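Chains as they are written, first to last, in this note's numbering: chain W, 179 to 392; chain U, 179 to 392. Backbone N, C-alpha and C fix where the C-beta goes; we use that ideal spot for every residue, glycine too. From a predicted model like this one, the values you see are computed outputs, not experimental measurements. What follows is a short report on a single structure.
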DNA sequence: CGTTCAATCTTGACAGTGTCAAAATGCCTG
DNA sequence: CAGGCATTTTGACACTGTCAAGATTGAACG
C-alpha cells in the first residue's frame, strides 16, 4: 500500500533524486498545498487534508516543515520567487522608450499577479504569516529583496525627475507600494468586487503618482 | 426570537431591561469578543472561550448569533458605527480654513483609528468576513454608507478643483481609499513595522494625491 | 393564581484541527 | 549483513464549530 503509492506520486524522470521513502515529499507537499489554497483559501488547508491528498500519514509533513507556519512561509517564499521572475521578465520585455509606460505595465503586471495568485499573495503579504505567525528568516530575506527591487524602480524614476524632488525616494517607495498593495487587497479580500475596474483604478492611481512629479 | 433580540440590542439605559436569564447577553458577548480579539487577534477568539469568559455554556451564544461569522459581522458593524462617529467628529472639530488641511487631519484620523483598533479594522475590511465568510446584509449596508461618506469628501475636494478634472470622482475615491487602506494594512498586518513612520508616509501619500490636482 | 408557551440556556455528541511522544519502517554506510 | 538514522506511522490530547435534544424560566393568558 505505502510503497506502490509512493512510486506513483513521482514520475521519477530520468535522474530524479529520490532521497528517501517517498522521494521529494517536501515539494510534493508544497504543490498540493498551493492547490488546496487555490481552491478554497488558506482556511481550506489543513495538514491532515494535505497529507491525505499526498497519500501519507498525518504527521509525515512535520519532518519537512516544523509547523504549519513554516509550510505557509515556504509557500510564500515560492510566491516571491515566481513574482520576482515575472516582474523582471515584464521589465525586460517592455522595450519601451517611455519610462512612464514601462512603469505602468510593471504595475499592471503586479496587479495581475496578485489577482491570479490571490491566496499566495495573501500569504506573501498578509497577516497570517507576518502578524499571526512568524516569518521564517529566509522568507524575510526574500521579501526584503523583493521590496528592494521596487525601491530601485522608484529611484530610477526619481532620478528621471518623475517625482517631487522634495520627497525622499524611500518615502515615495513606501507610500506608492502601499497604494498598490491596498488595491490588491481590496480586490483580493472581496471588498471591491468589480474586477473589470481594476486596471482603470490602477491607472488613475498611477496618474496621481506620476503627475505629482511636475 | 427575532423580536426580543431587538430589545437585547438596545441599552435601554435607565430602566435596564433584563429580558431573560442573563439579560443583555448579546452585548456582553460582543464586548467580551472585542476584548478577546484585541489581545491576540481573531485567531484568539473562539466561541467556547468567549462563552466561558462570560460565564455561560458553550452553545449559549448560538441563540444570539447564528454562527461565528455572524458574531464577527456584528463586531465589524459596531466598528463601522464607532469609526463613522469618530470621523464625523474629526470633521466637525477641524474648523479649519484650509480644506486640504482638514482633509489631512481626516485622513490621519482614519489611520489612527485603524491603528488603535487593529483587529476590529481587520474584520471591517478584511478577508475573514468579506471573502472567507459572508457579510451580513446589515453589515453590507453599513459599509456602503461608510464608503459613501468618503466619496462625498472626495467630491467636495473635487469641486474645489483639488483633483485632476479629467478623472472621475468615483475613480479618485476608489483609488485614494485603496491607497489609504493599503497603508493601514501594511502596518496592521505587520509588514511595515516602524509605526513612527506612519503619518510621515501618509503625508507623502497625501501630497501626491493633492498635488495631482494642479 | 396557576398553566402554557416560547425564548433562552445546558448537556451530550460528532467531526475536524495542530502537534507531541513513541513506535515502526527501510535506505545507506560500515 | 548489521547498525544507525532519516523518515514515516500510530496513538493520544486538547482544542475547535456546531447540531440535536433536553432543561429552565420569564412572561402572557385564562
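Q) Taking three-plus beta-carbon pairs below 8 Å as touching, is the stretch 289-305 of chain W in contact with the stretch 353-371 of chain W? A) With a cut-off of 8 Å, the stretch 353-371 of chain W and the stretch 289-305 of chain W count as touching, because enough Cβ pairs lie within range.
Q: Kindly indicate which three-state DSSP category residue 223 of chain W falls into: helix, strand or coil?
A: Three-state DSSP puts residue 223 of chain W in coil, outside helix and strand.
**Q.** DSSP three-state assignment for residue 246 of chain U, whether helix, strand or coil
**A.** Three-state result, residue 246 of chain U: helix.
Q: Using alpha carbons as the reference points, say which of U:231, U:229, U:214 lies closest to residue 223 of chain U.
A: For the options U:231, U:229, U:214, the alpha carbon positioned closest to that of residue 223 of chain U is the one of U:214.
Q) When you check each C-beta in the stretch 296-310 of chain W against every C-beta of chain U, which residues fall closer than 9 Å? A) Residues of the stretch 296-310 of chain W with a C-beta less than 9 Å from any C-beta of chain U: 296, 300, 303, 304, 305, 306, 307, 308, 309, 310, listed in chain order.
Q) Taking the runs of the alpha helix (DSSP H) that are 4 residues or longer, which of them lie wholly in the stretch 334-380 of chain W? A) Runs of the alpha helix (DSSP H) inside the stretch 334-380 of chain W: 347-366.
Q) Alpha carbon to alpha carbon, how far is residue 357 of chain W from residue 241 of chain W? A) One C-alpha to the other measures close to 39 Å.
Q.
8 Å is my cut-off, CB to CB: does residue 352 of chain U come that close to chain W?
A. Yes, contact with chain W.
Q) Does DSSP put residue 275 of chain U in a helix, in a strand, or in coil? A) Coil at residue 275 of chain U, not helix or strand.
Q | Amino acids of chain U, ordered along the chain, whose beta-carbon sits closer than 7 Å to that of residue 320 of chain W | A | Per Cβ cutoff of 7 Å: no residues; residue 320 of chain W is ~13 Å from chain U at best.
Q: State whether the stretch 348-356 of chain U contacts the stretch 374-384 of chain W, with contact taken as three or more CB pairs (one from each stretch) at a distance under 8 Å.
A: Counting Cβ pairs under 8 Å, three or more are found: they touch.
Q.
My output table needs one value for residue 216 of chain W: the three-state DSSP class, helix, strand or coil.
A. In this structure, residue 216 of chain W counts as helix in the three-state DSSP scheme.
Q) Taking the alpha carbon of residue 315 of chain U as the point to measure from, which residue in U:373, U:287, U:268, U:255 has its own alpha carbon closest? A) In terms of CA proximity to residue 315 of chain U, U:255 leads the group U:373, U:287, U:268, U:255.
Q. Once you ignore the five residues that flank residue 328 of chain W on each side, which residues in its own chain have a CB closer than 8 Å to its CB?
A. Non-local C-beta neighbours of residue 328 of chain W in its own chain, meaning closer than 8 Å and more than five positions away in sequence, comprise 351, 355, ordered along the chain.
Q.
Helix, strand or coil for residue 390 of chain U? Go by DSSP, reduced to three states.
A. In the structure shown, residue 390 of chain U sits in coil (DSSP, three-state: anything other than H, G, I, E or B).
(Q) At the level of alpha carbons, what is the spacing between residue 338 of chain W and residue 283 of chain U? (A) Each residue's alpha carbon lies about 32 Å from the other.
Q) So residue 342 of chain W packs on residue 390 of chain W, CB below 8 Å; how close in whole Å? A) A Cβ-Cβ separation of about 6 Å places residue 342 of chain W in contact with residue 390 of chain W under the 8 Å criterion.
Q) Roughly how far, in whole angstroms, is the beta-carbon of residue 388 of chain W from the beta-carbon of residue 307 of chain W, given that I think they are within contact range, below 8 Å? A) With a Cβ gap of about 32 Å, residue 388 of chain W and residue 307 of chain W do not count as contacting.
Q | Inter-residue CB distance, residue 265 of chain U and residue 247 of chain U (contact presumed, cutoff 8 Å) | A | With a Cβ gap of about 26 Å, residue 265 of chain U and residue 247 of chain U do not count as contacting.
Q) Looking at C-alpha atoms only, which residue of W:332, W:274, W:281, W:216 is the closest neighbour of residue 301 of chain W? A) The alpha carbon of residue 301 of chain W has as its nearest neighbour, out of W:332, W:274, W:281, W:216, the alpha carbon of W:216.
Q. Using a Cβ-Cβ cut-off of 7 Å (strictly less than) and excluding sequence neighbours within five positions of residue 252 of chain W, which residues of its own chain qualify?
A. So the list reads 208, 243, once near-sequence residues are dropped.
Q. Does residue 387 of chain W have its Cβ less than 8 Å from a Cβ in chain U?
A. Among the CB atoms of chain U, one or more fall inside 8 Å of the CB of residue 387 of chain W.
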